[in-house]
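**Student:** Below is one structure. I have some questions about it.
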Amino acid sequence: MHHARCSTLASLLVLAGCAGEVDPGLDPADECATCAGKADGWGAPDEGSCEARAVVELANEASFAELDDDARLNRRAVEHIFEARAVEPFTTLRSVDDVPYVGVFTLRRMVAYAHESGGVERCEAGNEVELGVIADLDKTVIPPEPGYALPDAPYPGVAALFERLDLGADGSGTPGDVTYVTARSPDRVVGIADWLVDHGLPDGPIETGNSGLPWLAQPEKVRDVSAAFDARPDAPFVLFGDSAHRDPEVYRESRARYPDRVRAGLIHRVNRTVAERRLEGLRLFDDYAEAAAILAGLGVLTTDDAWAVYDAAVAEGLERTEPEMQALLDANAP
């Protein structure tokens, strides 16, 4: 049995700074500009909840006038929200809280306005739309073998993770949420569909390239990813690729096209070093236990889901200890 797996947002967010020192009824002018954990301790929505997601959507999409006039936020907070989102879209409630002058007053107002404007209600209705998954094949799902031969097994834990994303932890979801994209030409994917199913990976369409060359396939992959998004216009997506060729560039372009629909973009580290400029808005992972920990931190998976992926990965040969997995969960906690 694993221990110390359950935690709440409040217990994870006990940080230095203004936490616990802010009067919930404060004047907006008094909000701290740079303290860590500015909004801790006020019963903040759980990361990944509809309230949290509606606040993130509001921070990313609302106009200046809407935040300033309709939501009645502190003008300095609005200015800093706009400065931050111009650099990178918000993905979590914590990332909004990290903005200067965004604290208890601002986040309470944002939660209230998210209810008033229907953002929370839209999210709750949209929860019926299942998550989509887009995944590269080679070096993302399929370990390399000479001559593009299929190996004896996929990477440890990837099947358990993809199954949870496809069907949910209780297996009650509808299958068919996974699309595979590859630079391989059609003649080089023969047998892969059966190999995926044989190893417990979700069945799904395999979109191939024409050139068969990874460094020429970026436009092809972007088109295939865009087609998957367009086929399910209401669904959020998680993207999986690797650092060997052009997946970071493909997914950065996809995020730019669909900024509010990418819940996470994860890149399997297969190079010794990866330039930071390639990873803007994406997350590196070394194995699928770490990928599960990242997704738990983003609210895509529960902590129990992440531990289940860890258990499966270890059973399939991953060498990670329970304390190491707990450290990953702690490091990625919101």
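The sequence shown begins at 713 in my numbering and counts up by one.
We put the beta carbon where it would ideally sit given N, CA and C, even for glycine.
1. Within 8 Å, do at least three Cβ pairs link the segment 827-838 to the segment 761-771?
2. By the three-class DSSP mapping on this structure, what secondary structure does residue 1014 have?
3. Have a look at 900, 868 and 872 and flag the residue whose alpha-carbon is nearest the alpha-carbon of residue 859.
4. Exposed or buried, what is residue 1029 when buried is set at 16 or more other beta-carbons lying within 10 Å of its beta-carbon?
5. Kindly confirm or deny that the segment 989-1000 and the segment 951-969 touch, where touching means at least three C-beta pairs closer than 8 Å.
6. In the DSSP assignment, find the unbroken alpha helix (DSSP H) run with residue 768 in it and report its ends.
7. Taking DSSP's pairing of strands, which residues face residue 892 in a bridge?
8. Here's the rule I'm using: 16 or more other beta-carbon atoms within 10 Å means buried, otherwise exposed. How should residue 1046 be labelled?
9. Which residue's Cα is closest to the Cα of residue 812: 834, 979 and 785?
10. Three Cβ pairs or more, each shorter than 8 Å: is that satisfied between the segment 969-983 and the segment 935-954?
11. Are residue 1012 and residue 873 close, meaning C-beta to C-beta below 8 Å?
12. Excluding the five sequence neighbours on either side, which residues of its own chain have a C-beta within less than 7 Å of the C-beta of residue 1003, listed in chain order?
13. Identify which residue in 825, 894 and 903 has its Cα closest to the Cα of residue 665.
14. If I follow the unbroken beta strand (DSSP E) through residue 979, where does it start and stop?
15. Whether or not the segment 807-825 and the segment 774-794 are in contact is what I'm after, with contact meaning three or more pairs of Cβ atoms, one per stretch, closer than 8 Å; do they touch?
16. Under a three-way DSSP split, which group does residue 950 fall into?
17. Please classify residue 1031 as buried or exposed, where buried requires at least 16 neighbouring CB atoms within 10 angstroms.
18. By the 10 Å Cβ neighbour count, where 16 or more other Cβ atoms means buried, how is residue 1001 classified, buried or exposed?
19. With C-beta atoms as the reference, is residue 788 less than 8 Å away from residue 771?
20. On the DSSP letters alone, give me the boundaries of the alpha helix (DSSP H) that residue 996 sits inside.
21. Can you tell which of 847, 792, 816 and 907 has the C-alpha that lies nearest to the C-alpha of residue 940?
22. Could you spell out the range, first to last residue, of the alpha helix (DSSP H) harbouring residue 899?
23. Use the C-beta contact count for residue 727: other C-beta atoms within 10 angstroms, 16 or more gives buried, fewer gives exposed.
24. Measuring only the C-alpha atoms, how far is residue 1026 from residue 922?
25. Could you pull the DSSP bridge partners for residue 854 from this structure?
26. Classify residue 902 as buried or exposed, calling it buried when 16 or more other Cβ atoms lie within 10 Å of its own Cβ.
27. In whole angstroms, give me the CA-to-CA distance for residue 1036 and residue 910.
28. Taking buried to mean at least 16 other C-beta atoms within 10 Å of its own C-beta, is residue 891 buried or exposed?
29. Among the residues of its own chain, which have a CB less than 8 Å from the CB of residue 808, if the five just before and after it don't count?
30. Which class does residue 983 belong to by DSSP, given the choice of helix, strand or coil?
**Tutor:** This is what the structure holds:
1. yes
2. Working through the sequence shown from its first residue, we reach residue 1014 at position 302. Reduced to three states, the DSSP call for residue 1014 is coil.
3. Your numbering for residue 859 matches position 147 in the sequence shown. Of the candidates 900, 868 and 872, 900 places its Cα closest to the Cα of residue 859.
4. Residue mapping note: residue 1029 aligns to position 317 of the sequence shown, counting from 1. Exposed, by the Cβ-count rule.
5. yes
6. Locating residue 768 in the sequence shown gives position 56, counting from the first residue. Unbroken alpha helix (DSSP H) run through residue 768: 762-773.
7. Locating residue 892 in the sequence shown gives position 180, where the first residue counts as 1. Answer is 847 and 918.
8. For the purposes of this step, residue 1046 is identified with residue 334 of the sequence shown, where counting begins at 1. Flag for residue 1046 reads buried.
9. Taking the first residue of the sequence shown as 1, we reach residue 812 at position 100. Of the candidates 834, 979 and 785, the one whose C-alpha sits nearest the C-alpha of residue 812 is 785.
10. yes
11. Numbered from 1 along the sequence shown, position 300 holds the residue referred to as residue 1012. Numbered from 1 along the sequence shown, position 161 holds the residue referred to as residue 873. Result no, Cβ atoms of residue 1012 and residue 873 do not sit closer than 8 Å.
12. What you label residue 1003 is simply residue 291 of the sequence shown in a count that begins at 1. Around residue 1003: 873, 978 and 997.
13. The structure shown has nothing for residue 665, since the chain only spans 713 to 1046.
14. Here residue 979 refers to the residue found at position 267 of the sequence shown. Per DSSP, residue 979 is one residue of the beta strand (DSSP E) stretching across 974-980.
15. With the rule of 3 Cβ pairs closer than 8 Å, the segment 774-794 counts as touching the segment 807-825.
16. In the sequence shown, the residue the question calls residue 950 occupies position 238. Looking at residue 950 - three-state DSSP - the assignment turns out to be strand.
17. In the sequence shown, residue 1031 corresponds to position 319, counting from 1. Counting the other CB atoms within 10 Å of its CB gives residue 1031 a total below 16, which places it among the exposed residues.
18. Stepping through the sequence shown from its first residue, residue 1001 is reached at position 289. Around the beta carbon of residue 1001, a 10 Å sphere encloses 16 or more other beta carbons of the protein chains shown; the residue is thus reported as buried.
19. Taking the first residue of the sequence shown as 1, we reach residue 788 at position 76. Taking the first residue of the sequence shown as 1, we reach residue 771 at position 59. Not a contact, by the Cβ cut-off of 8 Å.
20. Locating residue 996 in the sequence shown gives position 284, where the first residue counts as 1. Unbroken run through residue 996 is the beta strand (DSSP E), 995-997; no alpha helix (DSSP H).
21. Here residue 940 is taken as the residue at index 228 of the sequence shown, counted from 1. It is 847 whose Cα lies nearest to the Cα of residue 940.
22. Along the sequence shown, one-based indexing puts residue 899 at 187. Here residue 899 belongs to no alpha helix (DSSP H), and DSSP marks it neither H nor E.
23. Reading the sequence shown from its first residue, position 15 is the one you call residue 727. Low confidence applies here, because residue 727 scores a pLDDT of 31, under 50, leaving its location unreliable and the question unanswered by this model.
24. Position 314 of the sequence shown holds residue 1026. Position 210 of the sequence shown holds residue 922. If you take the alpha carbons of residue 1026 and residue 922, they lie about 37 Å apart.
25. One-based indexing of the sequence shown puts residue 854 at position 142. Looking at the DSSP assignment, residue 854 forms a beta bridge with 850.
26. As a first step, residue 902 must be located in the sequence shown, where it is residue number 190. Residue 902 should be labelled exposed.
27. Locating residue 1036 in the sequence shown gives position 324, counting from the first residue. Locating residue 910 in the sequence shown gives position 198, counting from the first residue. Between residue 1036 and residue 910, the C-alpha separation is close to 30 Å.
28. By 1-based counting over the sequence shown, the position of residue 891 is 179. It counts as buried.
29. By 1-based counting over the sequence shown, the position of residue 808 is 96. Result list for residue 808: 767, 768, 771, 793, 802, 814, 819 and 822, in chain order.
30. Locating residue 983 in the sequence shown gives position 271, counting from the first residue. Residue 983 falls in the coil class under three-state DSSP.
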